[in-house]
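Residue numbers (the numbering used here), protein chains in the order written: chain A, 40 to 1045; chain B, 545 to 709. Ideal Cβ positions, reconstructed from N, Cα and C, are used throughout, including at glycine.
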Amino acid sequence: MAVDPEELASFAEEVEEHLKVLEDEFLKIEKAPEQAEKNSINLLFRAAHTIKGCASFLDLRNITQVTHVMETLLDKVRNDQIVLTGPLVDGLLSGLDTLKMLTADLQNCDDEDISDVEAMLNELVTSSTQKEEKVETKSGLPTPITPPQAGPDANTVVGLNGQEIDLSSIPVSYQNVYFLTYGPGDWKSLGNTPEHVIQNLAQTGKVVDMVFHQETSQLWMVFVSAAGPEIIELIAQTDADKAVLFTTRKPRPVGEETPEPAAAPEKSSSPKLEVKVKTPSKSIEKREPKEEIRQKESIRINVELLDHLMRLAGELVLVRNQQLQAMGDADTALKHTVQRLNNVTSELQETIMRTRMQPVGVLFNKYPRIVRDLGKKLSKQIELEISGNEVELDKNILEKLADPLTHLIRNSCDHGIEPPHERLASGKEPVGKIMIHAFHEGGQIHMEIRDNGRGLNHKKIKAKALERGLKTEAELERMSDHEVNQLILLPGFSTADSVSTVSGRGVGMDVVKENISSLGGVLDFDSRFGEGTTIRIRLPLTLAILPSLIVGVGELKYAIPQVNVEELICLYDDQVRSKIESAGGQEVFRLRDKLLPLVRLNEVFNNSTPFGTRESAKICDKYRKIQTDIQKETEKRKQEDPTYQHAQSVMFASLKVGAHRFGLIVDRIIGTEEIVVKPVHNALKGLKCFSGATVMGDGSVALILDVQGIAKHANVSFETIHAGHQEVKRDLHMDEKQNLLLFRAGKSEQFAIPLAVIKRVETIENQQIERVGDKEYYTVDGVSTLVLRLEHLLKVSPTVENENMFLLLPNHIKRPFGILLSEIIDIEETIVHLNSKSHVEDGIVGTSLIRKKMTILPDIYRLIEIAEPSWFADKNEEKETKRPLRILLVEDSLFFRQLVSGYFEASGYEVITAVDGKEGFEVFEKENVDLIVSDIQMPHMDGVEFIRKVRNESHNKRIPAIALTSLKSDRDKDRAMRAGFNYYEIKLEREQLLQTVKECSSHIHV
Amino acid sequence: MALEKTTENQEIIQFCTFRLRSQLFGVNILEVKEIDRLMPFTPVHHAPSEVKGLVNIRGQIYLILDLSALLEEEAQEVKPENRLLIFKESIGESFGILVDRIGDVIDVASKQITTYAESSSDKIVAKAGSFKTGVCQLKDELMVVISAAKILEFVHTKMNGHAAV
């Protein structure tokens, strides 16, 4: 086909526009075919007609044929010969799809075999024609009139009833003869009456023939006028095809038909830059209510031109920045000029950016069709609601958003919305709804896709994660609901049972998230099982210009997008040492009441591989050491000069990534600047820490930091912080920080008892202590409580007698007793370094240096045993066994390890210890052990995993095991028991524990 | 770029030549966009040593690769006679290489060029870099022919584990 490919290209562009119009209208009409407005049908007809015209001009046979049939159908519809029904719309939509396919490859479109589509459409035509004949001639052209034709000579026309009409009395200037048609739809939408129309027309010409069909409100006219077709359209308030110029009064050869003045595409010589101004007839369309994107006065421009314009604008911004920098303190006149330059540049840049902005509707438009088709395919009823069509986004972003969004919509249709019967069964309406909502907020574009379908099924997700080997069961148990939701973002995840062609292709949510992240956006979602899922996307308005914070590390500058920056914090002098703490091998800062993990940017740069916990810990230690050295140095210096202060400062920015925050320590904070973002070079795309580069005011290149990338690289553990103080406490557990009550009894010693052991401390009056024999009692809550004096049980100084004293009531005891205290010093949170060797005495756990004083930690339970052996009489029978029972105690806290070992050893058992599940297993395999007593919460391998491993893999799978933990909930207990523990004991219920051990031992030795 | 021994008649190719240490290299002049003097780089952390850094040339940011590193030679400090050889956009997105000294533009007949596979081993040639596509015997010395596109591909593969998309 010897058609210019450029012409084909512009034809293709145009056809696509028309096809879009067609599709939109079809879908609208489909919802309520009977109420289809005349204008809609007209629109459809015209579009099809136009395409046909162009296609036949370009000699594209297939397209011409398909559009011809469609046009015929549409014609019948608009003439009220047939009603637009579901099957008809389906057929037309198939025709549409065929057209799309053909248009996609115009060079070869005629090679395609479209016979089946043609046959189908033709079938529709014929069947509807038959219908037409059956229907009473209420409507349509046939009976009332015959279309007018040119007459035998220039001054005669054949009128609507076949009669000859003489035009010679009409002024010769009235050259054009029109055939005007009006149907019932016209009166409705135009708000006009036939009389009105005729009056209008009479002003520009003469009506020579007219037929009005009362029942159908149809009006036909033959109208002669000097005016051209466009004007007649305006005046007649109708469209090109209803105001047909069918002849002129010039002598012309008989039989030739005048071409219809349908809207033909204007072809300009330079297809690259087509200027297409819409004709005045379109102004009529403006009055027609349309929901979709309105085409304002517009110009088609090559995108490359716009890109170039953008680049130039960017360069102008750079030059302006340089100028601003160079300005400094120049004289005022110059300053004014530069100021103006500044303003104009900003506005210019903004406006140019807007040229690339397109309404989101352009993207959302595709979805009604997709949802409809999917609904049919999956036999589900899905309704789509779209709002926020007019929100504008940069073209680039829109393009890149298309795929991920489509995937999400398909997911909603496929996995989200249930089939109607399922919905009814759960009390929902059978029609599922998907709502797409776009809006501006906080300098970003937000998009929400909400469905009222089934929501995320956590059970299924967990099962899938397990199956795919993505998470272990232990990890799954620990997850919060939100975290389970996030599992679907893992690569390789898809709960589609079979990879359907709809979705679940394995393309996956991780790719969607990746795509959105690469646009600088954030993906988040929320789901309620049985109620639905909401997906939220946040995007920057544009990629091009970014307000940012400029920071310095070493000699170089870096930019951090301001959207990520929350606060700037500066620490001075000694605050540097005291305020930067460490938790779990990471430096943290307590910002108000939240813990902010800290990342040192210089360290991130120095290490090209992402950090593991070891690196983080090393860095933590390194800086801690520096501070300790400084402190030592300062103290030395202070001795000579008391006013000496080591001046230092640390600056960091609190950055946010999604819902998480961390602090980034830099050398200098330079300022804020609006920078032009240049995308990072293709070859460097793998560097996660950088999201782009920019040229600074001084001409140097600065890299733009990718906040999320840095967080990942530095292995910032947000979960630690997210779980809040709980996690910190856990680490404290690891570091053995305990809450201790410091008190005195006698005047010399300082004592400490862990708060966990204490039920209450009562203030008592010394006088009210009752003496019975050699024992003392005090009534607490109506209960007679034995009072113990430490000096009776330990080698300590006698208790000081005050008027008011304190009675320490312990937890978990058999019979009520309390310890007499003279003074409560304080509660101390500290790491307990138990020194159990220096002061060995029965009744003491050990000693420790607390507040620079040697402090005795009494073992309350042992003390009461000593004091009242009769209470524990039954216990001591078990001492004689052939071989002492060997217990493996797995416990990460030194304190508890020693405490519990102490109990066991005091009871005559042999104890082997391990600090975590991993070591525990190793020890277990090596040593011969009769009983396992294990903590649950431990690092490296927790108790649950440990016992599971023992039950599955060890040489002695059936060994009795007791869980010893501070976790009290039923859930935790369940979990532990299911994993393989035989017993579940709460920490520090000493009696109970020993009893259980005794039970176990009796089983063993039977 | 005709680097093979062709049976075509005397096709003259112009090469832009440059030196690294003492070895002469050449790249088809049609691949070269411009040659600039040395300007301040911004190093890119976490990038391999082949990436020298980024420079700003008239508002556009270019990726500069270090030819020494590409050829696995020892890096030397930058000297004022170093030049930046920037390649055309058609070859690859805004990138260039840092060379020790720039040489002349020479005309070479296509038949003087032999593809790498055919040439004899030499100290530098033997250090396989896939972007060295051949050698050319000149009057007094050997010129190693380099393909700019292949350089970019090499770096891309190294950084991302796969060739540029």
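Annotation: residue 136 of chain A to residue 582 of chain B spans about 57 angstroms, alpha carbon to alpha carbon. Below 8 angstroms, too few C-beta pairs join the stretch 429-443 of chain A and the stretch 496-515 of chain A to call them touching: fewer than three. Bounds of the beta strand (DSSP E) holding residue 729 of chain A are 729-734.
The C-beta separation of residue 659 of chain B from residue 678 of chain B comes to about 5 angstroms, placing the pair in contact by the 8 angstroms criterion.
Contact annotation for residue 605 of chain B against chain A: 717, 732, 734 and 740 [CB-CB distance below 7 angstroms, chain order]. Unbroken beta strand (DSSP E) stretches of 3 residues or longer found wholly inside the stretch 621-648 of chain B: 627-631 and 639-643, given in chain order. At a cut-off of 9 angstroms between beta carbons, residue 643 of chain B makes no contact with chain A.
Assigned with DSSP and collapsed to three states, residue 283 of chain A falls in strand. The criterion of a C-beta distance shorter than 9 angstroms is not satisfied by residue 754 of chain A and residue 628 of chain A. Residues of chain A whose Cβ lies closer than 8 angstroms to the Cβ of residue 575 of chain B do not exist; the shortest such Cβ separation is about 17 angstroms. The C-alpha of residue 653 of chain B is placed about 53 angstroms away from the C-alpha of residue 363 of chain A. Following the DSSP letters along the chain, one finds residue 802 of chain A inside the beta strand (DSSP E) bounded by residues 797-804. The Cβ neighbour count for residue 623 of chain B, taken over all protein chains shown within 10 Å, is under 16; the residue is labelled exposed.
Taking 8 angstroms as the upper bound on Cβ-Cβ separation, chain B lies near no residue of the stretch 366-395 of chain A. Beta bridge pairing from DSSP links residue 215 of chain A with A/264 and A/287. DSSP, reduced to helix, strand and coil, places residue 702 of chain A within a strand of the structure shown. For residue 485 of chain A, DSSP records a beta bridge to A/478 and A/577.
By the Cβ rule, the stretch 967-979 of chain A counts as touching the stretch 993-1002 of chain A, because three or more pairs are nearer than 8 angstroms. Collapsing the DSSP output to three states places residue 204 of chain A in a strand.
For residue 252 of chain A, the enclosing beta strand (DSSP E) begins and ends at 244-252. Assignment of beta-bridge partners to residue 471 of chain A by DSSP yields A/421.
In summary, residue 373 of chain A is exposed, with fewer than 16 beta-carbon neighbours lying within 10 Å of its beta-carbon over all protein chains present. Within the same chain, and ignoring the five residues on either side of residue 448 of chain A in sequence, the residues whose Cβ sits closer than 6 angstroms to its Cβ are 406. The Cβ atoms of residue 246 of chain A and residue 216 of chain A do not sit closer than 9 angstroms to each other. Measuring C-alpha to C-alpha distances from residue 501 of chain A to each of A/524, A/488 and A/490 identifies A/524 as the nearest.
Apart from the 5 residues on each side of it in sequence, residue 220 of chain A sits with its Cβ closer than 7 angstroms to the Cβ of 259 and 281 in its chain, given in chain order.
Chain order gives the chain B residues near residue 644 of chain A as 589, where near means a beta carbon separation below 7 angstroms. Assignment of beta strand (DSSP E) within the stretch 913-995 of chain A, counting only whole runs of 3 or more residues, yields 925-929, 949-953 and 970-973 in chain order.
Contacts with chain A at 9 angstroms (Cβ-Cβ) do not include residue 621 of chain B.
Residue state for residue 860 of chain A is assigned as strand, using DSSP reduced to three classes. For residue 659 of chain B, there are no C-beta contacts with chain A under 8 angstroms, since the nearest C-beta of that chain is about 26 angstroms from it. Residue 435 of chain A sits in a helix when the DSSP states are folded into three classes.
Bounds of the beta strand (DSSP E) holding residue 566 of chain A are 561-567. With three or more CB-CB distances shorter than 8 angstroms, the stretch 707-726 of chain A counts as touching the stretch 585-595 of chain B. When beta bridges are read from the DSSP output, residue 604 of chain B appears opposite B/601.
Fully contained in the stretch 91-150 of chain A are the following alpha helix (DSSP H) runs of length 4 or more, in chain order: 100-117 and 125-143.
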